[in-house]
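Undergrad:
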Amino acid sequence: MTTTMPAPATFEVTSPATGQVVGVHPLGSTRDVEDTVARARGAADWWASLGFAERARRLDAWRGIIARRATELADLVHREMGKPPADAMLEIAMALEHLAWAAKNSGKVLGRRSVRSSALTVNQSASVEYLPLGVVGVIGPWNYPVFTPLGSLSFALAAGNTVIYKPSEYTPGVGVWLIEAFTKAVPEHPVLQVVTGDGSTGAALCRSKVNKIGFTGSTATGKKVMAACAESLTPVLMECGGKDALIVNADADVDSAADAAVWGGLSNAGQTCLGVERVYVHDKVFDEFVDQVVTLASRIRAGSDTDAHIGPMTMPSQVDVIRRHIDDALDKGGRAVLGGPDAVEGRFVQPTVLVDVPEDSIAVTEETFGPTFVVSRVRNMDEAVERANASRYGLGVSVFSRKHGEDIARRIRTGAVSVNSYVLYAAVPGLPLGGVDDSGFGRVHGADGLREFTFPRAMTRQRFPSVLPLTTFRRTRLVDSLVRVLITVLHGRN
Ligand code: NDP
């Protein structure tokens, strides 16, 4: 009698634009995740032992492969999640900048450095270095399937960790592509692996006792990830949702501000964690700003043809969320100066700009994640700052003002602020990216992004015996009285 093994479970990925199947991938089980973690553990010592320079060389090789095949990758992003290939190319360009930065700067940021000792510890030479955690799990979203995961993968790898990546079920092919490219640059050991699947696969990764989870996704899922990780005290990095505001002062360049609002609100069909969803405009320039926004936004069209500016909604369920937000805004007295309920055409949503929307409308309080935004009139910048800060999210804000931009920006409670531009803090490789409150905690990018995937190890080396031996039962009464005097001398005059 012959027994046949059941075929491994798989799932299909369909194009959000056409509904056609664009890929079939394994549905990773708990067992698959555990096996992958075991392989990653086996590779961890080797990767860590290569040191910063050799790892950087390998990461640079990976970067070269991605760069040379970027058109192929951009097409795959387009097929899986629907954004225009040219926009996919932009996210690839930004992701590669961060990868280059992580590789180049890991030694400088994380390598051993001396720390000054103090009056009481003058006989100690002190140093600190940042060591890899071991195996890191990265769980990513679909909206920027290259830029977002690479923000964690590049930094975790440069810091010396082996990594397991669980891409979104909407964009697994992009995840597999990235890992295959890495394997060409690092063929010896499974340093970076992918496990495709759905939410249950991500949940298994959270329970797999990896040394850290780098999560990017919605706040609701982030809470589930934290709860699962809490069981094994697995630390987490949380890059969650946003409800970003753009502020326009009376002295702003209105044309630039309108251009930024339209790109920030509509690009990627609004499916951007840092997307502009609320705009607060000074009364003096409100009408001019709205006119300009409507002129610019009415030229933008959602579609699947090559001339379309934005693609479909990647997740079918998002269409209902967007419709609900528009309806609620209009029910509460808001007006659509562009688009409106009819803008929702199946999986495509045409640009929608809402005004006169009360601040308690869900279009103002909840993440919409669609090509719609609300423009509100404010009396002054105090009101703009207060309203921008009133959100439970705290990812990014843009401020437009010729003279007072930085002053306004410094009053904003979000992880990043851009003055007279939109989102460019996410493109400067040395800057950390992340949020506060419901937008999460921890940082990707920059020195903070490297340290995020390490633990600091402090070290002291005794250079000569102390004239004031403190940590010994052989301590004398003379030493005790000198300590008392020292306390007064060092701290008592404050
Ligand atoms: P989700 O929260 O739905 O999913 C994110 C990832 O978590 C996916 O890989 C998903 O897998 C996985 N997942 C789902 N359930 C679980 C679970 N129980 N345990 C572990 N993992 C799980 O987010 P989206 O993919 O829809 O992404 C959009 C969200 O991401 C938006 O809120 C956006 O603001 C946010 N985001 C934040 C960014 C930031 O930098 N702060 C950047 C980009 C996006 P699967 O898809 O297979 O279900």
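Residues in the sequence shown are numbered from 3 upward in steps of one, following my numbering.
Note that beta-carbon positions come from the ideal geometry of N, C-alpha and C, so glycine has one too.
I think G335 touches D358, with their Cβ atoms under 8 Å apart; what is that distance to the nearest whole Å?
TA: Contact holds; Cβ gap of about 6 Å.
Undergrad: Would you give the residue range spanned by the beta strand (DSSP E) that D246 belongs to?
TA: Start and end: D246 to V250.
Undergrad: Below 6 Å CB to CB, which residues in the same chain sit around D314 once its five sequence neighbours on both sides are set aside?
TA: Here residue 314 turns out to be Pro, not Asp, going by the sequence shown. Closer than 6 Å at the Cβ level, and outside the excluded window around P314, lie P18, A19, G84, R349 and F350.
Undergrad: So, does the region 134-149 touch the region 454-461, judging by three or more C-beta pairs under 8 Å?
TA: As far as the Cβ criterion goes, the region 134-149 touches the region 454-461, which means the pair count is three or higher.
Undergrad: Judging by CA-CA distance, which residue of V399, R326 and Q352 is the nearest neighbour of S363?
TA: For S363, the nearest C-alpha among the options comes from R326.
Undergrad: Measure the Cβ-Cβ separation of F217 and I141 and say whether it is below 8 Å.
TA: For F217 and I141, yes; Cβs fall inside 8 Å.
Undergrad: Verify the contact flag: F371, CB atom, against every heavy atom of the ligand NDP, threshold strictly below 7 Å.
TA: The answer is yes for F371.
Undergrad: With respect to 7 Å, is the separation between the Cβ of M317 and the closest non-hydrogen atom of the ligand NDP below this value?
TA: Checking every heavy atom of the ligand NDP against the Cβ of M317, one is found closer than 7 Å.
Undergrad: How do the region 389-399 and the region 409-420 stand: do at least 3 beta-carbon pairs fall below 8 Å, yes or no?
TA: Flag = yes, the region 389-399 and the region 409-420 touch.
Undergrad: Give, in chain order, every unbroken run of the beta strand (DSSP E) that is at least 3 residues long and sits entirely within the region 92-168.
TA: With a minimum length of 3 residues, the continuous beta strand (DSSP E) runs that stay inside the region 92-168 are 115-117, 126-134, 137-141 and 164-168.
Undergrad: Would you mind stating whether L61 and L194 have Cβ atoms separated by less than 8 Å?
TA: Not closer than 8 Å, so no.
Undergrad: Is F443 helix, strand or coil when you go by DSSP?
TA: Three-state result, F443: strand.
Undergrad: Going by DSSP in three states, T236 sits in which element: helix, strand or coil?
TA: Here T236 sits in coil by DSSP.
Undergrad: Please work out which residues of its chain come closer than 7 Å, Cβ to Cβ, to D246, disregarding the five sequence neighbours upstream and downstream, and give them in chain order.
TA: Contacts found: L276, G277, V278, E279, L397, G398 and V399.
Undergrad: Please state whether the Cβ-Cβ distance between I215 and V227 is less than 8 Å.
TA: Against a cut-off of 8 Å, the Cβ pair of V227 and I215 comes out as a contact.
Undergrad: Is it right to say T73 is buried, meaning 16 or more other beta carbons lie within 10 angstroms of its own, or is it exposed?
TA: T73 is exposed by the Cβ-count criterion.
Undergrad: Which one or two residues does DSSP pair with H284 in a beta bridge?
TA: Answer by DSSP bridge pairing, in chain order: V380.
Undergrad: Compare the Cα-Cα distances from A225 to each of S154, C242 and V212 and report the closest residue.
TA: In the sequence under discussion, the amino acid at residue 225 is Lys, which differs from the Ala named in the question. Nearest C-alpha to K225: C242.
Undergrad: Flag this pair as yes or no: are the beta carbons of D285 and V380 separated by less than 8 Å?
TA: Taking 8 Å as the Cβ cut-off, D285 and V380 qualify as a contacting pair.
Undergrad: Buried or exposed for E369, please, with buried defined as at least 16 other CB atoms from any protein chain shown within 10 angstroms of its CB.
TA: Flag for E369 reads buried.
Undergrad: Just to confirm, are T12 and V26 a CB contact at a threshold of 8 Å?
TA: Yes; because the gap between Cβ atoms is below 8 Å, this pair is in contact.
Undergrad: Does the Cβ-Cβ distance between V212 and P147 come in under 8 Å?
TA: Result no, Cβ atoms of V212 and P147 do not sit closer than 8 Å.
Undergrad: List the endpoints of the continuous beta strand (DSSP E) containing A461.
TA: The residue you asked about is not Ala; residue 461 is Met in the sequence shown. T456 to Q464 is the extent of the beta strand (DSSP E) around M461.
Undergrad: What are the partner residues of V23, as DSSP defines its beta bridges?
TA: Bridge partners of V23: T16.
Undergrad: Any heavy atom of the ligand NDP closer than 7 Å to the CB of W144?
TA: Under cutoff, so the answer is yes.
Undergrad: For S363, is the beta carbon positioned less than 7 Å from some heavy atom of the ligand NDP?
TA: Incorrect: S363 has no Cβ contact closer than 7 Å to the ligand NDP.
Undergrad: So does S220 have its beta carbon nearer than 7 Å to some heavy atom of the ligand NDP?
TA: Yes.
Undergrad: Taking only the alpha-carbon atoms, compute the straight-line gap between Y424 and S31 and give it to the nearest angstrom.
TA: About 41 Å.
Undergrad: Of all the options V250, G204 and T221, which has the alpha carbon lying nearest to the alpha carbon of S403?
TA: Checked all of V250, G204 and T221; the closest Cα to S403 is V250.
Undergrad: Flag this pair as yes or no: are the beta carbons of G341 and V355 separated by less than 8 Å?
TA: Contact flag set, yes.
Undergrad: So I68 and A183 are in contact, right, with Cβ under 8 Å, and what is the actual spacing, rounded?
TA: 6 Å between Cβ atoms; contact.
Undergrad: For P189, which of helix, strand or coil comes out of DSSP?
TA: Coil at P189, not helix or strand.
Undergrad: Between I324 and the ligand NDP, is the CB less than 7 Å from at least one heavy atom?
TA: Checking the Cβ of I324 against the ligand NDP gives no.
Undergrad: Which whole-angstrom value describes the C-beta separation of V446 and S154, a residue pair presumed to lie in contact below a C-beta threshold of 8 Å?
TA: Rounded, the Cβ-Cβ distance is 6 Å, consistent with contact.
Undergrad: Just list the beta strand (DSSP E) runs in the region 359-429, keeping only unbroken ones of 3 residues or longer that don't cross its boundaries, in chain order.
TA: Taking only runs of at least 3 residues, the beta strand (DSSP E) segments lying wholly in the region 359-429 are 374-380, 398-402 and 418-421.
Undergrad: Considering V320, what are the terminal residues of the alpha helix (DSSP H) in which it resides?
TA: First, the amino acid is wrong: residue 320 is Gln here, not Val. From DSSP, the alpha helix (DSSP H) with Q320 extends over P318 to D333.
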